[in-house]
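Below is one structure; the comments refer to it alone.
There are 2 protein chains.
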Amino acid sequence: MKHSFITTKTDSHFPIQNLPYGIFQIKGQSPRVGTAIGDYVLDLSVIDKAGLLDGTGAEAKNIFSATSLNRFMALRRPVWSAVRSKLQYLLDADTPDIRDNSALRSKGFHLMEDVEMLLPAEIGDYTDFYASKEHATNVGIMFRGKENALMPNWTHLPVGYHGRASSVVISGTDIHRPQGQMKPVDVSLPVFGPCLQLDFELEMGWFIGPGNEMGQPVSIKNAEDQIFGLVLVNDWSARDIQAWEYQPLGPFLAKNFATSISPWVVPLDALEPFRTAGPKQDPAPLPYLQTTKASAFDINLEVSLQGEGMAVPHRITISNFRYLYWSMAQQIAHHTVGGCNLRPGDLLASGTISGPEKESRGSLLELTWRGTEPIHMENEEKRVWLEDGDQLTITGWCQGEGYRVGFGEVTSRVLPVEHHHQTKQLIHPYIKK
Amino acid sequence: MKHSFITTKTDSHFPIQNLPYGIFQIKGQSPRVGTAIGDYVLDLSVIDKAGLLDGTGAEAKNIFSATSLNRFMALRRPVWSAVRSKLQYLLDADTPDIRDNSALRSKGFHLMEDVEMLLPAEIGDYTDFYASKEHATNVGIMFRGKENALMPNWTHLPVGYHGRASSVVISGTDIHRPQGQMKPVDVSLPVFGPCLQLDFELEMGWFIGPGNEMGQPVSIKNAEDQIFGLVLVNDWSARDIQAWEYQPLGPFLAKNFATSISPWVVPLDALEPFRTAGPKQDPAPLPYLQTTKASAFDINLEVSLQGEGMAVPHRITISNFRYLYWSMAQQIAHHTVGGCNLRPGDLLASGTISGPEKESRGSLLELTWRGTEPIHMENEEKRVWLEDGDQLTITGWCQGEGYRVGFGEVTSRVLPVEHHHQTKQLIHPYIKK
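Chains as they are written, first to last, in our numbering: chain A, 11 to 443; chain B, 11 to 443.
Written out as structure tokens, the structure is:
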């Protein structure tokens, strides 16, 4: 097994087997591209300037001194793989180039805790899918009953919709509870006020690499070449706003106030050892969605919640990325089959990932069965929806033999409605019965 | 009435009363910002370099030598108004600065037919609304019957959804017929093939100026200060793909293959003489959507269609922007009320604009009543949906006394399915009855 001269514990998310990319900033300096190794960030612009990335095809192009990964993403897989191989070589315990160069080491390495992580890409478009059969079934049962749980289209195509790119934010950004219009069942007219059914959604997302021209679909065979890497995603949702607004054109304000992502983009190459078969698809999809290649990935996912009155976070969900019915490759092939173009830096996300067990449900909507079964946590705290002050954290990792390839975490705190819009209490001011 | 030394006919779309902004390119040169006057484009980077925009607040900032209007849009209304006043002064028949400077004239003016128009902005996010009551009612009757035509939420909020920014293209870009998955009523399983119900949608769009911070809603009172200017929009739609995919998350592939816009962005200031009251709103909207200001604009809209076998275009729709039930200001206030941030260059569109008359319907879906009442044109041509080779053109203008403030046009031709994906004929290859 590979080892780095930067030693890492066996449960570190960032051993030499991972090497994710991110945009980091040291106070007062311009943001640039780094990779994570153990507790450190390695500044790739320093490594590039030292000539150590020569021959990869990405060298000396200001790719690594850029303030986003878009230009690196726009290159193709052979270049990504060459950079990754070179970095694994340079960080290897047996390679002296950086290990024995103290000037380079002190210039290139920063403790993670000393840097700020920024959004990894300028996201042109953000698309969210609905690819978990368990999630779609749970939601369907709640809203339409057991007989009509899945819409007729669901097993034939990966249902998706366009989300809001402007409000995708990096882990650590606190989220204000949104206000909006909703219609409680017991009143005849809609009301305006703070969302009372604030929820998270456990998702994963992937950044698009080279992209495709308009009118030139990406075949399922080539779809994975579009995947630069993956992140954790929390697609915040306002369930009461959503229930009132979503027909017939889908969710809008219920989702566009915020979407949080983790900062480190884990390359698809780092996930290869964890490739596995996804769920059997029955009925067989149409030919443009068919592949014999194993297209799922075994990524452990956990969600934890910590209320203001709680000493430690409480784990509320244990799930896995491989539960997804529709693969990333299928989602990309479907997205582009009508000619829609993807661009470098576009973000596609899976939709809520729920598994077959009750504890593997990826949203409070499902965990509390639309608010009817509260979650009980320590200190007699319980939840049906998110409360102000709650810290919601998603983490994920692949378990190798003696090492992990991890995603770090995406974490955010729920703040009250912004003060200057805040109504005096959590009441609905315009209720007319 | 103001006159320019560039003479214009009374039906010109671009007299001195208009002065829209666009991005133009002369072959071999870098794109830059221009305004339209009569049959000419005036290069504003030339005017700026000559010092003629000094004092406007936009001068000498490379605003007009930029390849998009985003940086100009990011400035605020006082600067936009100052630039507009200065241009109206400089182009006035009585102002000698440009009129009598032959070097400046020959450097600054280009015949419209000699330049290529490009997308006016880098569009971060594109949002489409559903703001015409007549359109929503027509569609509702067709899909759900007369009693349940409008969804309960429709009269309480401007329904909207996020569209695809990457596939917004400029007028003149031909559009390939998309392929996709659909389920004809007479078969039990979905099929894949070319869209057989290709449609246009008559819309108008507006570009966002300064934008707002996440979590900081734009009040209805300040909403119009976010509107830099307006364009014509054709939101191409694949009705058969839409019918099968849209539940429960809204349209996706049915819309994201292309959206066409006109190249000249008409400033809101140019539309002020045509401001008028919109339709009476009953029930009264919630307070965050209430305004006493007249918020509609009297903009004549026409759609024409020319098949390959037709000598001239046939006008199929006569409508007006003022028919819209929800105003632009209401759409902006609603969009941001939950905290969603808008950014300079974001595009918001109205959704299909249909009027009260049969001939004022803004889509073939409505004009042919879901394909049951063909449109009859000259040469015995008729249409239920768009055919390959059809040229679809939307135009629009405000009628002043002796002048027009016009939008030019958005025009595109329908091309067959891209060759390398094309099935041999317009058949569905995977039909299983």
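Virtual Cβ for every residue (Gly too), placed ideally from N, Cα, C.
For residue i, the first and last residue of its enclosing alpha helix (DSSP H)
| i | result |
| --- | --- |
| Thr346(B) | Met338 to Thr346 |
| Leu374(A) | Leu374 to Leu377 |
Cβ-Cβ distance between residue i and residue j below 8 Å
| i | j | result |
| --- | --- | --- |
| Ala268(B) | Cys205(B) | no |
| Gly381(A) | Gln191(A) | no |
| Phe218(A) | Gln189(A) | The amino acid at residue 218(A) is misidentified as Phe; the sequence shows Ile. For Ile218(A) and Gln189(A), no; Cβs fall outside 8 Å. |
| Ser270(B) | Val179(B) | yes |
| Tyr136(A) | Ala92(A) | no |
| Gly150(A) | Arg353(A) | no |
| Leu79(A) | Ile108(A) | no |
| Pro168(B) | Gln341(B) | yes |
| Asp64(B) | Gly118(B) | no |
| Pro258(B) | Met161(A) | yes |
| Asp398(A) | Pro426(A) | yes |
| Gly355(B) | Ala131(B) | yes |
| Leu374(B) | Phe210(B) | yes |
| Tyr140(A) | Gly173(A) | no |
| Ala233(B) | Ile251(B) | no |
| Ile16(B) | Leu29(B) | no |
| Ser14(A) | Asp102(A) | yes |
Given residue i as reference, the closest of the options once Cα atoms are compared
| i | options | result |
| --- | --- | --- |
| Ser305(A) | Glu388(A), Val427(A), Leu296(A) and Gln291(A) | Gln291(A) |
| Leu299(B) | Arg332(A), His386(A), Phe202(A) and Glu211(A) | Phe202(A) |
| Cys350(B) | Glu428(A), Trp336(A), Leu160(A) and Ile328(A) | Glu428(A) |
| His324(B) | Tyr140(B), Leu29(B), Met161(B) and Leu402(B) | Leu402(B) |
| Ser198(A) | Glu69(B), Val149(B) and Pro293(B) | Pro293(B) |
| Gly319(A) | Ser95(A), Glu223(A) and Met387(A) | Met387(A) |
| Ser337(B) | Ala287(B), Ile385(B), Thr346(B) and His13(B) | Ala287(B) |
| Gly416(A) | Lys117(A), Gly365(A) and Asn310(A) | Asn310(A) |
| Ser360(A) | Val243(A), Met11(A), Gln257(A) and Glu369(A) | Val243(A) |
| Pro200(B) | Arg81(A), Asn163(A), Gly173(A) and Pro200(A) | Asn163(A) |
| Ser364(B) | Gly412(B), Glu312(B) and Val169(B) | Glu312(B) |
| Ser272(B) | Thr421(B), Ser14(B) and Arg86(B) | Thr421(B) |
| His23(A) | Met11(A), Leu425(A) and Tyr413(A) | Tyr413(A) |
| Arg187(B) | Thr362(A), Phe331(A) and Val347(A) | Val347(A) |
| Lys231(A) | Leu357(A), Pro297(A) and Phe284(A) | Pro297(A) |
| Pro25(B) | Ala159(B), Leu281(B) and Gly173(B) | Leu281(B) |
| Gln27(A) | Lys368(A), Phe331(A) and Pro283(A) | Pro283(A) |
| Asp308(A) | Ser329(A), Val89(A), Ala84(A) and Pro384(A) | Ser329(A) |
| Leu129(A) | Gly44(A), Ala84(A), Leu85(A) and Asn148(A) | Gly44(A) |
| Arg8(A) | Ile133(A), Gly317(A) and Trp274(A) | The shown model of chain A, from 11 to 443, leaves out residue 8(A), and the question about it has no answer. |
| Ile133(A) | Lys156(A), Asp110(A) and Met83(A) | Met83(A) |
| Ala321(B) | Lys19(B), Trp254(B) and Asn389(B) | Asn389(B) |
8 Å contact criterion, which residue i and residue j should meet: CB distance rounded
| i | j | result |
| --- | --- | --- |
| Gly239(B) | Leu278(B) | 6 Å |
| Arg115(B) | Ser75(B) | 19 Å between Cβ atoms; not a contact. |
| Val241(B) | Gly215(B) | 5 Å |
| Asp49(B) | Met122(B) | 5 Å |
| Leu100(A) | Ile57(A) | 7 Å |
| Trp254(A) | Lys193(A) | 5 Å |
Residue interval of the beta strand (DSSP E) (run including residue i)
| i | result |
| --- | --- |
| Pro204(A) | Val201 to Pro204 |
| Ala146(B) | No beta strand (DSSP E) holds Ala146(B); the alpha helix (DSSP H) holding it covers Lys143 to Arg154. |
| Glu213(A) | Leu212 to Ile218 |
| Leu167(A) | Counting along the chain, Leu167(A) falls outside any beta strand (DSSP E), and DSSP gives it neither H nor E. |
| Leu396(B) | First-last for Leu396(B): undefined, no H or E at that position. |
| Tyr31(A) | Tyr31 to Gln35 |
| Asn310(A) | Asn310 to Gln316 |
| Thr382(A) | Unbroken run through Thr382(A): none, as it is neither H nor E. |
| Asn389(B) | Looking at the DSSP string, Asn389(B) is not in any beta strand (DSSP E), and its letter there is neither H nor E. |
| Gly418(A) | Arg414 to Leu425 |
| His324(A) | His324 to Asn330 |
| Met11(A) | Where Met11(A) is concerned, there is no enclosing beta strand (DSSP E), given that its DSSP letter is neither H nor E. |
| Leu355(A) | The identity of residue 355(A) in the sequence shown is Gly, whereas the question assumes Leu. From DSSP, Gly355(A) is part of no beta strand (DSSP E); its letter is neither H nor E. |
| Ile180(B) | Val178 to Ile180 |
| Gln189(A) | Gln189 to Met192 |
Residue i Cβ short of 7 Å to the ligand MG heavy atom set
| i | result |
| --- | --- |
| Glu312(A) | Among the ligands in the structure shown, none appear at all, so the ligand MG cannot be discussed. |
Item to complete: Can you check the region 244 to 292 of chain A for any alpha helix (DSSP H) of at least 4 residues that lies completely inside it and give the ranges in chain order?
Response: 249 to 255 and 278 to 281
Practice prompt. Report the residue ranges of all beta strand (DSSP E) runs contained in full by the region 43 to 89 of chain B; include only those spanning at least 3 residues, in chain order.
Written response: 50 to 53
Item to complete: List in chain order: all unbroken beta strand (DSSP E) runs of 3+ residues lying wholly within the region 89 to 139 of chain B.
Response: 119 to 121, 126 to 128 and 136 to 139
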